[in-house]
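Protein chains in written order, with the numbering used here: chain A, 24 to 379; chain B, 24 to 379.
Number of protein chains: 2
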Amino acid sequence: MPNPTPDTPVTRPAGPVTLQQVAERAGVSSATASRALHGSSGTRIVGEELRRRVLDAARELRYVSNAPAQALARSTTTVVGVVVHDVADPYFAAIAAGAMGVAREHGLLVMLAATFRDPELELDYLGRLRAQRARAVVLAGSGFADREFTRRLAAEVDAYRADGGHVVAVGAHGIASDTVRPANRAGAALAVRHLYDLGHRSFGIVSGPRTLTTVRDRLDGARWQLRSLGLGLLPTQMIDGGFTREHARAAARTLLARAPELTAIVVLNDLMAAGVLAALRDDLGLRVPEQISVVGFDDLPFAADLNPPLTTVRLPLADIGARAMDMILTGPTVEPRTLDLDTELVVRSSTTTAPR
Amino acid sequence: MPNPTPDTPVTRPAGPVTLQQVAERAGVSSATASRALHGSSGTRIVGEELRRRVLDAARELRYVSNAPAQALARSTTTVVGVVVHDVADPYFAAIAAGAMGVAREHGLLVMLAATFRDPELELDYLGRLRAQRARAVVLAGSGFADREFTRRLAAEVDAYRADGGHVVAVGAHGIASDTVRPANRAGAALAVRHLYDLGHRSFGIVSGPRTLTTVRDRLDGARWQLRSLGLGLLPTQMIDGGFTREHARAAARTLLARAPELTAIVVLNDLMAAGVLAALRDDLGLRVPEQISVVGFDDLPFAADLNPPLTTVRLPLADIGARAMDMILTGPTVEPRTLDLDTELVVRSSTTTAPR
DNA sequence: CTGTTAGCGCGTTCAT
DNA sequence: ATGAACGCGCTAACAG
Numbered sequence: 024m025p026n027p028t029p030d031t032p033v034t035r036p037a038g039p040v041t042l043q044q045v046a047e048r049a050g051v052s053s054a055t056a057s058r059a060l061h062g063s064s065g066t067r068i069v070g071e072e073l074r075r076r077v078l079d080a081a082r083e084l085r086y087v088s089n090a091p092a093q094a095l096a097r098s099t100t101t102v103v104g105v106v107v108h109d110v111a112d113p114y115f116a117a118i119a120a121g122a123m124g125v126a127r128e129h130g131l132l133v134m135l136a137a138t139f140r141d142p143e144l145e146l147d148y149l150g151r152l153r154a155q156r157a158r159a160v161v162l163a164g165s166g167f168a169d170r171e172f173t174r175r176l177a178a179e180v181d182a183y184r185a186d187g188g189h190v191v192a193v194g195a196h197g198i199a200s201d202t203v204r205p206a207n208r209a210g211a212a213l214a215v216r217h218l219y220d221l222g223h224r225s226f227g228i229v230s231g232p233r234t235l236t237t238v239r240d241r242l243d244g245a246r247w248q249l250r251s252l253g254l255g256l257l258p259t260q261m262i263d264g265g266f267t268r269e270h271a272r273a274a275a276r277t278l279l280a281r282a283p284e285l286t287a288i289v290v291l292n293d294l295m296a297a298g299v300l301a302a303l304r305d306d307l308g309l310r311v312p313e314q315i316s317v318v319g320f321d322d323l324p325f326a327a328d329l330n331p332p333l334t335t336v337r338l339p340l341a342d343i344g345a346r347a348m349d350m351i352l353t354g355p356t357v358e359p360r361t362l363d364l365d366t367e368l369v370v371r372s373s374t375t376t377a378p379r
Numbered sequence: 024m025p026n027p028t029p030d031t032p033v034t035r036p037a038g039p040v041t042l043q044q045v046a047e048r049a050g051v052s053s054a055t056a057s058r059a060l061h062g063s064s065g066t067r068i069v070g071e072e073l074r075r076r077v078l079d080a081a082r083e084l085r086y087v088s089n090a091p092a093q094a095l096a097r098s099t100t101t102v103v104g105v106v107v108h109d110v111a112d113p114y115f116a117a118i119a120a121g122a123m124g125v126a127r128e129h130g131l132l133v134m135l136a137a138t139f140r141d142p143e144l145e146l147d148y149l150g151r152l153r154a155q156r157a158r159a160v161v162l163a164g165s166g167f168a169d170r171e172f173t174r175r176l177a178a179e180v181d182a183y184r185a186d187g188g189h190v191v192a193v194g195a196h197g198i199a200s201d202t203v204r205p206a207n208r209a210g211a212a213l214a215v216r217h218l219y220d221l222g223h224r225s226f227g228i229v230s231g232p233r234t235l236t237t238v239r240d241r242l243d244g245a246r247w248q249l250r251s252l253g254l255g256l257l258p259t260q261m262i263d264g265g266f267t268r269e270h271a272r273a274a275a276r277t278l279l280a281r282a283p284e285l286t287a288i289v290v291l292n293d294l295m296a297a298g299v300l301a302a303l304r305d306d307l308g309l310r311v312p313e314q315i316s317v318v319g320f321d322d323l324p325f326a327a328d329l330n331p332p333l334t335t336v337r338l339p340l341a342d343i344g345a346r347a348m349d350m351i352l353t354g355p356t357v358e359p360r361t362l363d364l365d366t367e368l369v370v371r372s373s374t375t376t377a378p379r
C-alpha cells in the first residue's frame, strides 16, 4: 500500500517537525530515519521498504532537518562566510556573486557580512562567523594597512584556524593564508604605461584612503612606473578621492585647480572615475579625451556606458570571488597558496594622444 | 589577584574551546559560566568575582560560543535570510545593502541566497533557510507569475511559518505575507505621462520576461496610462529586453527596425536602458533625446553617468531593503502588513520634447 | 539491515 | 548566588 499509515491524518504538530516525529510516523527508529534521509557515508544501508516509508513521512510532514542540531552532532556545517566592505559597491557585488555561484554549486550557504570599511566590524564578523562554525571565510574586503589591526586580525584568524576554520584572503591582508592576489601593482603600471605611450608626460592621480592595502598597491604600481619612465609626481598632482563617486568628483576639481598642467589622470577605481569624468565634463568644461585623458581601474560593468566610455584596467572580479571559493573547497593545504590574477588594459574612449 | 590561575598556561586545547573548558579554567560550573557570559534574562545574577574570572578565562582561551549548540538549546537563532535574483545586479545589491545595514544594527547575521532567476532554486533556498532555523527571510527577488510555482511557494512559506518563521516579500509574490510594495504601476505610468507631456505620441516599450511580476506590474502601469491617454500600443511597439544590458541592446535594434515611427521608449529597468542607449547611439546613430527620448526605471547609481544622463523612475532601493528588514524585527503581526513605497520621476537628459 | 545508547555544547529548570 | 541534572534534535558507535 502506498501509504503505510493511511489513517494517520497529516496534521503537522506545532513548531518544527523533528526527525523523531518522522520516525514515529514511519514506524521506525530515529536512527533509521536519519539514515534513510541522509544516507550517511556513501551507501544507502536502509531497506527499500523502510526507506520509502521514511521519505513519505518526511514529505507529508514537510520535514526539514534542524541544521543547528545537525551541526552540533556532526560538528561541521555547510555554511561559509564572505566578508566585504559594501555589497552596494559593484566591485564587491561582483566578487560576492562569483563566490556565491561556486558556493551554490557545492551546496554551501553563504553568510554575507558587510563591514562598511570599519576594521572593528571586520573583526567582529570574523568572530561571529567563527561562532557559527562557518567552514571557511573569504576575506574579500581590502586589507587595512594598520599594524595594530593586523595583529588583532592575525590573532582572530589563528583562533579560527585552531577551531578548524579556513580563511582565504583577497588581496593583501598581512596574514599568512591562502590568497587570491589581483595584480594591482602591475595593473596601475599598465595604466601609466598606456598614457605614456600616448605621449602624456604630466600625470595626476586620484587615489583613495591610504589605509587600504589595495590603494597602496595600486599607488605603488603607478609611482613605480612613473619613476622608471623618468617621471615624477608632485604632491599637488595627487589627491585622495575617498573611493566614492562624489568625493572623487570634488577631488578632481581641486586637483585640476592645483595642477592645471595635467594631461592625464589615473583614477584608482572606476567608481571614482565616474565622478572624475563628471567633474571634468560638467564642472570644469574639459573635453575628455581631447583635452585630458582618464584611466580607471576595475572595469566595472558600467565602465563602457560612461561618457566617454572609460579606458580602464580590468580585474576579473567574478573570477576573484569564484577562485577564492574554490580554494576553500580544495581545503587548507600545508603551505598557504597564492593565486595571482592578471589585469588587462581595456582601451575605450577616455584616452587619446596628449594634446600639444 | 588579576588572574585567578596565573600558573595555568594558556595553551588552547585542540578544536573549538567549549564553555565547559572556560568554566573549568575559571573554577566554576558551566552554568555559572553561561550566565556570566550571556547574563540570561535581564539581570546579571553572577557575583562580581566569579563573573570576572569567567570573562578572563573566556578571553584567554579566545572562546566564542558554539552558535549551533546555542541555537539548539535556545531553539532560536540570530540569522535571517535574504534571497535575491543576483547580487551582481545593482538593483538587488542596493536592496541587499539596505537590508544588511539594518540587520547589522540589530546584531543579525544574514544568509544571502542568489537564485539567478531560477524558481526552483528559490524554493530550494527557502527550504534550506528553514532548516537553518533562520528567524525570518526577505524574499527580495521579483515574484514569478506562475500558478503552479506560486502554489508550491505558498506551501513552503506556510511550512516555514508553522515552524515559527517569518517572511516578508518585496513586491508581489502571490502569497499572504508582510510586503514591501514598490509602486511599479504608478512609476511606469509616471514615465509615460512625462513623455506624453513632452508631446510624444508614439511609444515603444522595452520590457522584460513576463514571468516576473515586477515586469507585469510595470507593463500594466505603462499600458494603463497609455490607454487612459487615448493611445494604443501595437505589438510591434513592444519587445522583451531580457532584463540585461546586452539583450536590451539587441532588442532595441529590432524594435526600431520594426517601428521606426517611435519618438519615445520606456525601458522597464535601468540596466536595459543602458543597453538601449548604447544601441540608439552607437548602433543606430540616433541622437538621444533630440531624435528619440528614453526613460528608464530604478534610478540605479550609474543612471546619472550614462550618455546622456538617464531620465528614470526612482525606486528607493536601499529603503526597500531596510524597511523589509524592519518588518522582520517588528515581528509577524496578526494581519499581514503592506508598506507602499513611492516612486519619483528623476528628469535628466534622455528626454525632451517630441521631434516634429 | 535495524534499534539502542551515548554524546555533541549549551541554556535552563530545580535545588541548595 | 551557584551547581547538578536534564533536554534541545541529531549522528555515530555499538549491538543484534
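Cβ atoms here follow ideal geometry from the backbone N, Cα and C, with glycine treated the same way.
Query, Result
"What residues in the segment 129-153 of chain B bring their beta carbon closer than 7 Å to a beta carbon of chain A?", "132, 133, 134, 135, 137, 150, 151, 153"
"Closer than 8 Å is the cut-off here; do at least three beta carbon pairs connect the segment 221-240 of chain A with the segment 37-47 of chain B?", "no"
"Measure the CB-CB distance between residue 374 of chain A and residue 221 of chain A and report whether it falls below 8 Å.", "yes"
"Does the beta-carbon distance from residue 286 of chain B to residue 315 of chain B come in below 8 Å?", "yes"
"Residue 281 of chain A to residue 299 of chain A, Cα distance in whole Å?", "15 Å"
"Taking the beta carbon of residue 365 of chain A as the centre, do at least 16 other beta carbons fall within 10 Å, making it buried, or is it exposed?", "exposed"
"Quick check on the DSSP output: what are the complete beta strand (DSSP E) runs of length 3 or more inside the segment 171-243 of chain A, in order along the chain?", "189-193, 201-205, 226-230"
"Under a CB-based cut-off of 8 Å, is residue 292 of chain B close to chain A?", "no"
"What residue from B/301, B/321, B/37 has the CA that sits closest to residue 293 of chain B's CA?", "B/321"
"Excluding the 5 residues flanking residue 81 of chain B on each side, which residues of the same chain have their C-beta closer than 7 Å to its C-beta?", "45, 60"
"Would residue 43 of chain A pass as an interface residue toward chain B - the criterion being a Cβ-Cβ separation below 8 Å?", "no"
"Can you tell me which of A/159, A/98, A/99, A/52 puts its alpha carbon nearest to the alpha carbon of residue 122 of chain A?", "A/159"
"Does the beta carbon of residue 328 of chain B come closer than 8 Å to any beta carbon on chain A?", "yes"
"When the cut-off is 8 Å and only beta carbons count, does residue 91 of chain B lie next to chain A?", "yes"
"What is the DSSP secondary structure of residue 322 of chain B, counted as helix, strand or coil?", "coil"
"Are the C-beta atoms of residue 88 of chain A and some chain B residue less than 8 Å apart?", "yes"
"Name, in chain order, the residues that DSSP records as bridge partners for residue 337 of chain A.", "A/321, A/367"
"Which same chain residues, not among the five before or five after residue 352 of chain B, have their C-beta less than 7 Å away from its C-beta?", "129"
"Is the distance from the Cβ of residue 119 of chain B to the Cβ of residue 102 of chain B below 8 Å?", "no"
"Counting only the same chain and skipping the five closest in sequence on each side, list residues whose C-beta sits under 6 Å from that of residue 290 of chain A.", "229, 296, 299, 319"
"Would you identify the three-state DSSP class for residue 166 of chain B, choosing helix, strand or coil?", "coil"
"Tell me, please, whether the segment 145-163 of chain B touches the segment 173-186 of chain B by the rule of three or more beta-carbon pairs shorter than 8 Å.", "yes"
"What span of residues does the alpha helix (DSSP H) with residue 68 of chain B cover, start to end?", "Taken as a continuous stretch (DSSP letters only), residue 68 of chain B belongs to no alpha helix (DSSP H), as it is neither H nor E."
"Give the residues from the segment 307-333 of chain A that approach chain B closer than 7 Å (Cβ to any Cβ), ordered along the chain.", "325, 328, 329, 330"
"Would you mind telling me which residues of chain A sit closer than 8 Å to residue 95 of chain B, beta carbon to beta carbon, in chain order?", "89, 91, 92, 95"
"Below 7 Å on C-beta distance, what does residue 38 of chain B contact in chain A?", "186, 187"
"Quick check: is the beta carbon of residue 155 of chain A nearer than 8 Å to any beta carbon in chain B?", "yes"
"Among A/155, A/172, A/195, which one has its Cα closest to the Cα of residue 187 of chain A?", "A/155"
"Looking at the structure shown, is residue 121 of chain B part of a helix, part of a strand, or coil, going by DSSP?", "helix"
"Please state if the CB of residue 264 of chain A and the CB of residue 231 of chain A are separated by a distance shorter than 8 Å.", "yes"
"Along the alpha helix (DSSP H) that carries residue 104 of chain A, what are the first and last residues, could you check?", "No alpha helix (DSSP H) holds residue 104 of chain A; the beta strand (DSSP E) holding it covers 102-107."
"Compare the Cα-Cα distances from residue 324 of chain A to each of A/49, A/90, A/113 and report the closest residue.", "A/113"
"Buried or exposed for residue 288 of chain A, please, with buried defined as at least 16 other CB atoms from any protein chain shown within 10 angstroms of its CB.", "buried"
"For residue 262 of chain B, is the classification buried or exposed, using 16 other Cβ atoms within 10 angstroms of its Cβ as the cut-off for buried?", "buried"
"Among B/162, B/167, B/253, B/260, whose alpha-carbon lies nearest the alpha-carbon of residue 190 of chain B?", "B/162"
"Quick one: Cα of residue 26 of chain B to Cα of residue 48 of chain B, how far?", "For residue 26 of chain B, the predicted structure reports a pLDDT of 41, less than 50, and the residue's modelled location is therefore unreliable. A value from the coordinates is still provided. Cα-Cα distance, rounded: 11 Å."
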